[in-house]
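Novice: Mind having a look at this structure? Questions to follow.
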Amino acid sequence: MPTKTTGCPVSPLSAAFDPLDLTDPFPLLAQARTEEPLFYNADIDYWVITRYEDIKAIFQDHDTFTAANTITPIKPFSAEVRQMLVEGHYTPVPVLSNNVPPDHTRIRSLVSKLFVPRRMRHFAPTIRQLARDRLTALLAQGQADIVAALTYDFPAYVLFHVLGVPDEDVPQVKAWSDNRIELYYGRPSDEEQIERTKGLVPFWHYVVDLVKRKIEQPSDDLTCDLIRMRNGDDGILTVNEIASCMITLLVAGHETTTAQITNGLLHWLRDRKQWELLGEQPALIPNAVEEMMRYDPSVCAWRRSVAQDTVIAGVDIPAGANLLLMLNSANRDETLFPDPEAIDIHRENVKAHLALGYGIHYCVGAPLARLEMTVLFEEMTQLMPSLRLIGNQDLAYTRNISFRGPLSLEVAWNER
Ligand code: HEM
128 MPTKTTGCPV SPLSAAFDPL DLTDPFPLLA QARTEEPLFY NADIDYWVIT
178 RYEDIKAIFQ DHDTFTAANT ITPIKPFSAE VRQMLVEGHY TPVPVLSNNV
228 PPDHTRIRSL VSKLFVPRRM RHFAPTIRQL ARDRLTALLA QGQADIVAAL
278 TYDFPAYVLF HVLGVPDEDV PQVKAWSDNR IELYYGRPSD EEQIERTKGL
328 VPFWHYVVDL VKRKIEQPSD DLTCDLIRMR NGDDGILTVN EIASCMITLL
378 VAGHETTTAQ ITNGLLHWLR DRKQWELLGE QPALIPNAVE EMMRYDPSVC
428 AWRRSVAQDT VIAGVDIPAG ANLLLMLNSA NRDETLFPDP EAIDIHRENV
478 KAHLALGYGI HYCVGAPLAR LEMTVLFEEM TQLMPSLRLI GNQDLAYTRN
528 ISFRGPLSLE VAWNER
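In short: position in the sequence shown from 1, add 127, done, that's this note's numbering.
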């Protein structure tokens, strides 16, 4: 466990920062970028980093800054919870997000082969059909909370298709994933922590059973691709590592995309000219998707821990310190992105955003995320050209440090 940083000064800006309140983090982060680009937050014992160049340099230097803490619970597990995990045979191991080289390199080299564009193209027609079917089924309704009606589970159905997981398990896995996010990235009470752990153990066993079934009955999906790469050799990948990859993918592969699609809809519909333009010129959609990831990334902050004493933004930071990298702030850094508070779907250097990370841990699912978001928006701008927000809405966000997307978004469209 990293050592606790003590005696760090708490500035007024730091005192005003609530790392779990994602309602509107942007004004404070803009202030931090100019006045105090790095500050210590005693609430969670993390150093908060806000400038693009510092965050990118941290991502690049994986010897000094390791990803070992990316799935560490913000509120440490109690002794009772740890006991429940031992008794429940909860045995995932670090494989991707929170792993370090050389182990990370070995596993990542296999998992990244699953998501190559050629393999993604194979799934593209089914993803488009899924989008069309879901939207067509909604058309007569005329209005909806688009999160409940579409964005909450559309990415999960896409992911389940590519991983070869049964569709009927989507609701259960979505519930388990929400639960896991609140357990690791939020701050549950002691009782909630115990309740949520009760959902973690069955999630793990579900994944272990799924992998066992896939070993016995191979099919044409990414889970089986990974099993084939293993070729029965634990030196390549163990069965426990495959299950650990699967539980990672079964959270990272849809919660992120759900929130990103909702963030995109919110901003494009706040300025409907953009929605209309995307309908008239669908070729703009891929760049517009990048711009919405820049402007309001669903993974708004990500973590690193300091492996050896270092200096960040002129401040000495000791080994063992924890860092919270504000990707949503880096992406609005005025030194890189001109007029950063404006959404510009033509923005030329937009792909420099850090919404998907950078370096050896760069989002391995990025080709799938880009494909499904592009396809969904292509279909949606055509089938729902009149889509609009209903009134002024108080948007609610889950209290956690990393995953930002409105929990509901009321929209309307002309019935067909
Ligand atoms: C818009 C959607 C998505 C966003 C914003 C997003 C964002 C991120 C970010 C910020 C990281 C950390 C990168 C770093 O540490 O440098 C990451 C890593 C990762 N993402 Fe995504 N992600 C998205 C979609 C997906 C999808 C669809 C999948 C899987 C199908 C996925 C799987 C992963 C995995 C496994 C990692 C860890 C990679 C590693 O450590 O080597 N993500 N993602």
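Here a beta-carbon is modelled for each residue, glycine too, at the ideal position from N, C-alpha and C.
Here the structure is a predicted model, which means the values were calculated and not measured.
Below 8 Å, how does it come out for the segment 483-491 and the segment 396-415: are there three or more Cβ pairs, yes or no?
Specialist: No, the segment 483-491 does not touch the segment 396-415.
Novice: Are there any heavy atoms of the ligand HEM lying less than 7 Å away from the beta-carbon of residue 490, as far as the coordinates show?
Specialist: For the ligand HEM, at least one heavy atom lies less than 7 Å from the Cβ of residue 490.
Novice: Got a sec? Which residues, its chain only, sit under 8 Å from residue 329 by beta carbon, not counting five neighbours each side?
Specialist: Answer for residue 329: 303, listed in chain order.
Novice: On the DSSP bridge list, what partners appear for residue 538?
Specialist: According to DSSP, which records beta bridges pairwise, residue 538 is partnered with 271 and 516.
Novice: Rounded to a whole number of angstroms, what is the C-alpha to C-alpha distance between residue 249 and residue 288?
Specialist: Computed Cα separation, rounded: 12 Å.
Novice: Rounded to whole angstroms, what is the Cα-Cα separation between residue 425 and residue 387?
Specialist: Rounded to the nearest angstrom, the two C-alpha atoms are 5 Å apart.
Novice: Would you tell me roughly how many angstroms separate the C-alpha atoms of residue 320 and residue 531, rounded to the nearest one?
Specialist: In a straight line, the C-alpha of residue 320 is about 21 Å away from that of residue 531.
Novice: Could you tell me which residues DSSP puts in a beta bridge with residue 444?
Specialist: Residue 444 is bridged to 437.
Novice: Is residue 532 helix, strand or coil when you go by DSSP?
Specialist: Looking at residue 532 - three-state DSSP - the assignment turns out to be coil, as it is neither helix nor strand.
Novice: Please say whether residue 202 and residue 307 have beta carbons closer to each other than 8 Å?
Specialist: The answer is no: Cβ separation not under 8 Å.
Novice: How many angstroms separate the CA atom of residue 469 from the CA atom of residue 236?
Specialist: The straight-line gap from Cα to Cα measures roughly 37 Å.
Novice: Since I believe residue 197 is in contact with residue 239 (beta carbons under 8 Å), could you give me their beta-carbon distance rounded to a whole number of angstroms?
Specialist: Going by Cβ atoms, the distance from residue 239 to residue 197 rounds to 17 Å, so no, they are not a contact pair.
Novice: Enumerate in chain order the residues of its own chain whose CB-to-CB distance from residue 411 is below 7 Å, with the five nearest sequence positions on each side excluded.
Specialist: Excluding sequence neighbours, residue 411 sits near 404, 405 and 472.
Novice: Under three-state DSSP, which class holds residue 166?
Specialist: Residue 166 falls in the strand class under three-state DSSP.
Novice: Could you compute how far the alpha carbon of residue 464 sits from the alpha carbon of residue 150?
Specialist: Spanning the two alpha carbons is a distance of roughly 23 Å.
Novice: Which value, in whole angstroms, describes the spacing of the CA atoms of residue 323 and residue 173?
Specialist: Residue 323 and residue 173: Cα-Cα distance of roughly 24 Å.
Novice: Would residue 377 pass as a contact of residue 335 if the rule is Cβ separation under 8 Å?
Specialist: Contact flag unset, no.
Novice: In chain order, what residues of the same chain have a beta carbon less than 6 Å from the beta carbon of residue 496, not counting five sequence neighbours either side?
Specialist: So the list reads 384, once near-sequence residues are dropped.
Novice: Report yes if the C-beta of residue 424 is less than 7 Å from at least one heavy atom of the ligand HEM; otherwise report no.
Specialist: Yes.
Novice: Compare the beta carbon distance of residue 434 and residue 181 with 8 Å and say whether it is the shorter of the two.
Specialist: Not in contact: residue 434 and residue 181 (Cβ atoms no closer than 8 Å).
Novice: For residue 185 and residue 305, what's the separation of their Cα atoms in angstroms?
Specialist: Those two C-alpha atoms are separated by around 28 Å.
Novice: For residue 356, which of helix, strand or coil comes out of DSSP?
Specialist: Residue 356: helix per DSSP, three-state reduction.
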